[in-house]
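The letter at position 84 of the sequence shown is residue 84 when you use full-length UniProt numbering, and the numbering goes up by one with no holes.
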Amino acid sequence: MSQQISHQEHARAPAPAAVIIETARHTAGLAVQDGRDVQFYASHSLFQALDGQRFRSVRALERAVSSLEAAITDQRRTRDSRGQIWRSWESPSVDQGAGQPEAA
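Spelled out as structure tokens, the structure:
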């Protein structure tokens, strides 16, 4: 015997108390309804800056998560495009041509 919920009962059903927040690349964390606000609990280290913060709505939280992810992704791209990762392990003598074989 399964119960069927009428359309009116379904329309009055409360919103879920918790929602998983995801981006295209990460599961950011959990949004928990706390009275009028939504509190965020980060599940990925990328979003720790938002952990524990309160937002007016889930949509406001989603915007904050998207903005933070975009800012961090842009930072990483900029660093990589300038080649800093490669330079970090080269010695100064190689940059100045000291690694070249000498002419006899």
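All C-beta atoms, glycine included, are put in the ideal place defined by N, C-alpha and C. Just so you know, these numbers come straight off a predicted model, no measurement behind them.
Coil, strand or helix - residue i by DSSP
i      : result
Ala18  : strand
Thr27  : strand
Pro101 : Per-residue confidence for Pro101 stands at a pLDDT of 48, beneath the threshold of 50, marking its modelled position as unreliable; no derived number is given.
Sequence-distant residues of the same chain with beta carbon closer than 8 Å to residue i, five excluded per side
i     : result
His44 : His26, Thr27, Ala28, Gly29
Ala17 : Val32, Gln33
Top-ranked residue by Cα proximity to residue i, from the options
i     : options                    : result
Arg54 : Phe47, Gln48, Thr73, Phe40 : Phe40
Ala42 : Arg36, Ala17, Glu22        : Glu22
Arg36 : Val58, Ala49, Gly52        : Val58
Glu69 : Asp34, Asp51, Phe47, Gly52 : Phe47
Ser66 : Val19, Ala24, Asp51        : Ala24
Check whether residue i and residue j have beta carbons under 8 Å apart
i           : j     : result
Val32       : Leu61 : no
residue 131 : Ala64 : Outside the displayed span of the chain (1 to 104) sits residue 131, for which this structure offers no information.
Beta strand (DSSP E) segment containing residue i, residue limits
i     : result
Ala49 : No beta strand (DSSP E) contains Ala49, which DSSP labels as neither H nor E.
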